[in-house]
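Mapping of the sequence shown onto the numbering used here: residues 13 to 223, in sequence order.
Note that the Cβ used here is the ideal one computed from N, Cα and C, for glycine as well.
To keep things clear, I will list the structure first and then write my remarks on it.
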Amino acid sequence: MKPLLDYGLLVFVSMFTMMGPVGVLPPFVSMTSGLSGDEARRVARRATITALCVLLVFALGGQLVFRFFNISVNSLRVVGGIILLLVGYEMLQARPSRTKHDEPAPEGYAEDIAITPLGIPVIAGPGAITTVIILMSEAHDLARKAVLLVVLLGLHVLTYAMLVSAKPLLAFLGPSGNKVLVRIMGLIVMVIAVEFFFAGLKPIVRDMLGR
C-alpha cells in the first residue's frame, strides 16, 4: 500500500506543479474580466475538460506514439527534464501574464479562450504532457495506472474549483503571495526536472559504455 501512496504523492506533486492551477488564476481572471459569472464558470469548465482530455490522450496513447517512432522513454526523460527545467526557471521569475482583456467580449470569445490558450497550453502545456507520459511509463502495473488516472481527474476537479473561485483566491493571496507561491512551485519543478534528466541519462550512458 505504501508504494502506491508514494507513487500517488509523486503524481500529485509533479502534475500539480506542472499544471500550476495557482499560476493559471491571473490569466484566467484577466481573460474573463469582460464575461458574466456564468460565462466565466463555463470557460473554467470547458478549459479543465479540454486539458483533462488532452492529458488522458497522451497518458494512454503516448507510449504507442513512441513505439511507432522508435523513441525510447529514457530519451523522453532527458528531453522532458530539460523542458521542465526551463519551465521551472520561468516560474522562478514569477513573470506576470501579458494577456489582458478589459473590453466587452466578442461573440464566441468564451469558447475560443477555453480551448486555447487556457485549456492548451496554459493548463495542459508541454511540461504537463511530458510529465504525464513519463509518469505513465513508470506505472508498471494496473494499480499504479489507476492511481495516476484518479489523481489526474482529482487535480482537474481542484483546478476547476480554483478557477471558479479565482477572484477571491487572488485577493486573499495578494500579488506578493501569488509570486511567492509560483516561485516555490518553480523550485519544485526544477528539482523534479533534475530527477527526470538523470533517470533518463544514466541508462543511455550505461548503454553507450557497454557497447
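For A205, does the three-state DSSP call read helix, strand or coil? On the sequence shown, residue 205 is found 193 positions in, with the first residue counted as 1. Three-state DSSP puts A205 in a helix.
What number of angstroms, rounded off, separates the C-alpha of F242 from the C-alpha of G93? No answer is possible for residue 242: it lies beyond the span of the chain, which begins at 13 and ends at 223.
Collapsed DSSP secondary structure at S84 in the structure displayed: Taking the sequence shown and counting its residues from 1, one reaches residue 84 at position 72. In this structure, S84 counts as coil in the three-state DSSP scheme.
Assuming V163 and L67 form a contact by the criterion Cβ under 8 Å, report the distance between their Cβ atoms to the nearest whole angstrom. The residue labelled residue 163 in the question sits at position 151 within the sequence shown. The residue labelled residue 67 in the question sits at position 55 within the sequence shown. No, V163 and L67 are not in contact; Cβ-Cβ is about 11 Å, not under 8 Å.
Would you give the residue range spanned by the alpha helix (DSSP H) that G20 belongs to? Translated into positions along the sequence shown, residue 20 becomes position 8. K14 to M31 is the extent of the alpha helix (DSSP H) around G20.
State the Cα-Cα distance for the pair L21 and I146, rounded to the nearest angstrom. For the purposes of this step, residue 21 is taken as the residue at position 9 of the sequence shown. For the purposes of this step, residue 146 is taken as the residue at position 134 of the sequence shown. Computed Cα separation, rounded: 15 Å.
Taking only the alpha-carbon atoms, compute the straight-line gap between F78 and D50 and give it to the nearest angstrom. For the purposes of this step, residue 78 is identified with residue 66 of the sequence shown, where counting begins at 1. For the purposes of this step, residue 50 is identified with residue 38 of the sequence shown, where counting begins at 1. Near 41 Å, if we compare the C-alpha coordinates of D50 and F78.
According to DSSP, is T44 helix, strand or coil? On the sequence shown, residue 44 is found 32 positions in, with the first residue counted as 1. Coil, per DSSP.
What three-state label does DSSP hand E8 in the structure shown? The requested residue 8 does not occur in the structure, where the chain is confined to residues 13 to 223.
Would the beta-carbon of A59 fall within 9 Å of that of F40? Walking along the sequence shown from the start, residue 59 turns up at place 47. Walking along the sequence shown from the start, residue 40 turns up at place 28. Their beta carbons are under 9 Å apart, which means A59 touches F40 by this criterion.
Apply the 10 Å Cβ neighbour rule to L168 and answer buried if 16 or more other Cβ atoms are within range, or exposed otherwise. Against the sequence shown, residue 168 aligns to sequence position 156. The question names Leu, but residue 168 is His in the sequence shown. With 16 or more other Cβ atoms within 10 Å, it is buried.
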